[in-house]
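Novice: Below is a structure I'd like to ask you about.
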Amino acid sequence: MAQIQGVEIAKCSSCREPIGNQNSATWCLNCGEPLPEEVKAQIPRLAAFTTITTSKQQQTNQSQTSDGLVSAMHFIGWGNLIASVVLAFIILKNLGSASSPLAVGTIVGVIAQGIIVLVFCLTLARILENVANIRSRLEKMSTEEKPLR
Ligand SMILES: [Zn+2]
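Each number in our numbering corresponds to the 1-based position in the sequence shown with 12 added.
Written as structure tokens, this is what we have:
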């Protein structure tokens with residue numbers, strides 16, 4: 013049975029051992045179970061760990077922003093393709109017949125444009141995702157280095 017450090021503020025979710033407000037680790041000293049965020053926040057000497065968790069949450073918010081951009085790229089790409097197909101149908105309907113080489117060329121051109129823009133937007137979305145991944149990995153590395161300094 014581990015000695016309680018300070019005044020009891022919670023019980024371990026795993027072994028029910030009391031956790032004190034002077035607990036020297038971010039885990040239960042009896043069984044090693046990690047302490048929940050709300051328990052760590054009540055332990056003054058673990059405040060630094062709570063700060064790191066907060067900055068990680070900010071990073072999550074940043075990646076959500078780039079997720080929004082990625083969704084916008086998908087939306088523009090597919091929206092443009094649908095618009096191109098609709099436009100091709102309107103041209104086809106107005107001409108009555110698609111037998112003229114110019115009309116066929118226009119329709120093929122409109123649909124090709126839609127596909128090119130879609131590929132461009134999907135590529136851009138993939139680049140944005142990669143950039144967001146690299147950035148969060150770099151930020152994670154710099155956050156993990158801080159306690160060592
Ligand atoms: Zn425990």
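Note that the Cβ used here is the ideal one computed from N, Cα and C, for glycine as well. Note that the structure is a prediction, hence the values are computed from the model and not measured.
Tell whether a beta-carbon distance below 8 Å holds between Cys-40 and Ile-31.
Specialist: Yes.
Novice: May I ask whether a heavy atom of ligand 1 can be found less than 7 Å away from the beta carbon of Asn-35?
Specialist: No, the beta carbon of Asn-35 sits no closer than 7 Å to any heavy atom of ligand 1.
Novice: Buried or exposed for Gly-117, please, with buried defined as at least 16 other CB atoms from any protein chain shown within 10 angstroms of its CB.
Specialist: The residue is exposed, with fewer than 16 neighbouring Cβ atoms inside 10 Å.
Novice: Restricting to Cα atoms, I'd like to know which of Glu-20, Leu-130 and Glu-151 is closest to Trp-90.
Specialist: The residue with the shortest Cα to Cα distance from Trp-90 is Leu-130.
Novice: Our contact map puts Val-82 next to Glu-141 with C-beta atoms below 8 Å; I'd like the distance itself, whole angstroms only.
Specialist: So it is a contact: roughly 6 Å between Cβ atoms.
Novice: Going by DSSP, what residues sit across from Gly-32 in a beta bridge?
Specialist: Its beta-bridge partners are Glu-20.
Novice: Could you name the residues, in chain order, whose CB is less than 5 Å away from a heavy atom belonging to ligand 1?
Specialist: Output, sorted by chain position: Cys-24, Ser-26, Cys-27, Glu-29, Cys-40, Asn-42, Cys-43 and Glu-45.
Novice: Kindly identify the DSSP beta-bridge partner or partners of Pro-46.
Specialist: Pro-46 pairs with Trp-39.
Novice: Classify Asn-145: buried if its beta carbon has 16 or more other beta carbons within 10 angstroms, exposed otherwise.
Specialist: With fewer than 16 other Cβ atoms within 10 Å, it is exposed.
Novice: I need the DSSP call for Ala-137, collapsed to helix, strand or coil.
Specialist: Three-state DSSP puts Ala-137 in a helix.
Novice: When DSSP labels each residue in this structure, what does Ser-154 get in the three-state scheme?
Specialist: Note: Ser-154 maps to helix in three-state DSSP.
Novice: Here's a check: name, in chain order, each residue in its chain whose Cβ is nearer than 8 Å to the Cβ of Pro-113, leaving out the five neighbours to either side.
Specialist: Nothing listed; no residue qualifies.
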